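Residues in the sequence shown are numbered consecutively from 124, following the working numbering.
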Amino acid sequence: MKKADPIVRRAQKVFTPALHMYYPMTIAHAKGIHVYTDAGRKYMDFSSGLAVLNIGHNHPRVLEAVRNQLLHCVHTGGIYYNETSVAAAEHLVSITPDGLDMLFFSNSGAEAVEGALKLARYVTGRQGIISFTGAFHGRTLGAVSITTSSSRYRNFYHPLLPSVYQVPYPYCYRCAFRCKRGTCNLHCLAFLREFMERVISPREVAAIIIEPVLGEGGYFPAPGNFLSGLRELCTEHGILMIADEVQSGMGRTGQWFAVDCHGVVPDILTSAKGIASGFPLSAVVSTRELMEKWPSGSHGTTFGGNPVSCAASIATIEVIREDGLLEKAATTGEAVLQGLREFSGSHPFIGSVRGCGYMIGIEFVGENGEPAGDACQKVLDFCLKKGLILIGCGMERNVIRFIPPLIATEQEINEGVEILEAGVKTLL
Ligand SMILES: Cc1ncc(COP(=O)(O)O)c(C=O)c1O
C-alpha cells in the first residue's frame with residue numbers, strides 16, 4: 124500500500140467521501156484468492172471482496188459463462204425473458220430451503236431487502252416490521268430504517284420508515300439482558316413476546332427480519348434454538364419471518380444458507396453478495412403461495428435478473444456444488460475456529476471467537492472486557508502489511524471477519540491464520 128497512490132488521489136477527487144473504502148489502495152488485477160497492485164504486490168484477499176467472492180476472483184468457470192452470455196444477449200429489461208435468467212432462478216431455488224421456490228431478481232442486497240419488506244407488507248396487509256439491534260440490512264431508505272449497526276448510516280436521514288421496531292439481537296457474548304448463555308432460557312425471545320404485548324400487537328406485524336449470522340454488527344451467529352423459537356413465534360401470529368442471508372448465504376457458513384445449519388425455513392429469504400461472484404445480482408425468494416399474492420407490476424426492476432449476472436450465478440452454484448465447497452468450508456472452518464479458540468486462550472485481547480464455516484468473528488476486548496476497536500485495527504493493519512487483506516466489523520469496530528474464499532487451500536488458510544496470530548501477538 125502506497126500513501127501517494129495516484130489512482131487513489133484521482134478517486135478521491137471524483138468520488139464523494141460518502142463512499143467508504145476499507146483501504147486506500149488500488150488493485151490492477153485479481154485471480155483466485157489473490158489481488159495484485161499495479162506495482163505487482165500480491166495480497167491474499169481474505170475479505171473475499173466483502174463476502175462476495177466465495178469462489179474467488181475471476182473464477183475460470185464464471186468468466187467462461189459470462190463470455191458466452193455476452194455473445195448472446197446482455198439485457199432483458201423487464202421486456203422479455205431469457206433462458207439464462209430462468210435457469211439461474213431454477214438453480215437458486217434448487218438450493219434455497221424447501222418450499223422457497225419462487226423469486227424476484229434485483230441487483231443489490233439492499234434492493235432485495237426492500238423487496239422483502241414490500242412483499243411482506245403487501246401480502247399481510249400489515250405495516251409493522253421488527254428488526255434486531257446491531258443489524259445491517261443496507262443503505263436505501265427502507266433498509267437503513269431497519270439497520271442499527273451504527274448511527275452513521277442513519278444520521279440526518281430522518282424521518283425513516285415508520286412502524287419499524289428494534290429488539291435486542293441474541294448476541295450472547297454481550298447479552299443485552301446480562302444473561303449467561305445456556306442458562307438464560309432464551310430471555311430475549313420472551314422479551315420479544317412481551318414487546319408484542321406492550322409496544323405493537325402481533326396482529327399489526329408484517330415481518331420480523333433477522334440476519335441468522337449477525338454480519339456488519341459483529342459476526343455473531345444467532346443460537347439455533349433462538350431461530351427455531353422465532354420461527355414458531357412468527358407462525359403462531361401469521362408474521363412473516365425474513366432471513367437476510369445477503370452476507371451469510373451462498374455457502375459461506377458451510378451450508379448453502381445459514382438457516383440450513385438449524386433446519387429453520389423462513390417465509391422469505393434475501394440473497395446477494397456471493398450469488399454471482401462479483402456480478403450484480405440479488406434475489407428475494409419466498410413460497411409460491413406468498414409470491415402468487417404479489418400481482419404483476421406491484422414490484423419491478425430494469426436491470427434485476429441481468430442475463431450476464433445470471434450466467435455468473437449459475438456457474439457459481441455449479442462450482443460450489445461440484446467442488447464440494449460446502450463440506451470443505453464446514454470442516455476446515457471448524458478446524459480454524461477450534462485453532463483460533465485455543466490460541467485465544469493465551470491472548471487476553473481476544474474475548475470471543477465464534478462462527479460457522481468460513482464466517483468467523485474474532486472479537487477484541489480490553490482489560491475489563493470492553494470492546495477494543497484500536498487493538499482490532501492494529502491487527503488489521505499488521506495483516507495488510509504482511510500481504511493479508513482482512514476487514515473489521517462490529518458495533519465498536521472491534522471484530523475481525525475471517526472470511527476467506529471457500530476455494531482457499533488448507534495451506535493458504537493456515538498461512539492466513541499464522542499472519543493473523545502474529546498480528547495478535549504484537550498486542551502483547
Ligand atoms: C446482511 C446484509 N443485508 C444487506 C446488505 C446490503 O447489501 P448491498 O450493499 O449489496 O446493498 C448487506 C451488505 O453488507 C448485508 O450484509
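Cβ coordinates follow ideal geometry from the N, Cα and C atoms, glycine included.
Quick caveat: nothing in here was measured; it's all calculated off a predicted structure.
Limits of the unbroken beta strand (DSSP E) element including residue i
i	result
K154	H152 to K154
R316	No beta strand (DSSP E) contains R316, which is instead part of the alpha helix (DSSP H) from H310 to R321.
G201	Unbroken run through G201: none, as it is neither H nor E.
S170	Taken as a continuous stretch (DSSP letters only), S170 belongs to no beta strand (DSSP E), as it is neither H nor E.
R524	V522 to F525
A329	V328 to I333
Y288	V287 to V290
Y159	H157 to Y159
Neighbourhood of residue i by C-beta distance below 6 Å, restricted to the same chain and skipping five residues each side
i	result
M124	For M124, the predicted structure reports a pLDDT of 47, less than 50, and the residue's modelled location is therefore unreliable. A value from the coordinates is still provided. The residues are M148.
H260	V236, A266, I269, T270 and D367
G179	G155, I156, P528 and I530
I130	T149
E519	P494 and G496
V197	V431
V189	V431, A434 and A435
A233	G261, R262, T263 and A266
Beta-carbon proximity list for residue i, same chain, < 7 Å, skipping 5 on both sides
i	result
A531	I156
P285	none
Q250	R244, S286, E327 and A329
P293	C311, A345, P346 and F349
Q192	T207, P430, V431 and A434
M414	M225
G201	G423, T424 and T425
S324	none
S351	H385 and V387
When the options are compared against residue i, the one with the closest alpha-carbon
i	options	result
N429	S231, G222, T139 and H180	S231
H281	A435, I269 and V488	I269
D161	A151, D168 and Y342	A151
S419	L242, V522 and E320	L242
L363	E535, L392 and L337	L392
M114	L513, R354 and H214	Absent from the structure is residue 114, since the part of the chain shown begins at 124 and ends at 551.
Q370	E355, I526 and C357	I526
R262	V236, T256 and I252	V236
S217	I440, V522, K501 and N278	I440
H143	Y276, I332 and V540	Y276
G222	R375, L173, N537 and D383	D383
F405	S467, L337 and G397	The question names Phe, but residue 405 in the sequence shown is Ser. Closest by alpha carbon: G397.
I512	S170, R132, F472 and R464	S170
V336	C307, E538 and Q378	Q378
Y331	E320, V322, L353 and F314	The sequence given here places Ile at residue 331; Tyr does not occur at that position. Comparing Cα positions, the closest option is L353.
L460	Y481, G474, T358 and S436	Y481
Y288	S475, V322, F300 and R304	V322
G517	G257, L194 and V185	G257
E339	G462, G484 and R444	G484
E541	M167, V137 and Y145	M167
Run of the alpha helix (DSSP H) containing residue i, from where it starts to where it stops
i	result
K451	L448 to S467
S268	L264 to S268
A545	E533 to K548
A434	P430 to E445
A188	P183 to H195
A406	Premise fails: A406 lies in the beta strand (DSSP E), S405 to T410, not in any alpha helix (DSSP H).
R275	Neither: R275 is in no alpha helix (DSSP H) and is coded neither H nor E.
Residue i CB to nearest heavy atom of ligand 1 below 7 Å
i	result
G370	Reading the sequence as shown, one finds Gln at residue 370 and not Gly. Flag set: Cβ of Q370 near ligand 1.
F259	yes
E237	no
E339	yes
S231	yes
D367	yes
E415	no
A381	no
A141	no
A395	yes
E490	no
E334	yes
Check: residue i C-beta below 7 Å from any heavy atom of ligand 2
i	result
I440	With respect to small molecules bound, the structure shown includes ligand 1 and not ligand 2.
Sequence-distant residues of the same chain with beta carbon closer than 8 Å to residue i, five excluded per side
i	result
E490	P471
K165	H157, V158, Y159 and G510
K548	H470
Residue-chain proximity (residue i, chain C), Cβ-Cβ < 8 Å
i	result
L449	In the displayed structure, chain C is absent; only one protein chain is listed.
4-residue-minimum alpha helix (DSSP H) runs that sit fully inside the region 480-520, ordered along the chain: 496-508
Unbroken alpha helix (DSSP H) runs of length 4 or more, entirely within the region 340-400: which are they? 347-360
Beta strand (DSSP E) segments (min. 3 residues) lying fully within the region 221-251: 223-229, all fully within the region 221-251.
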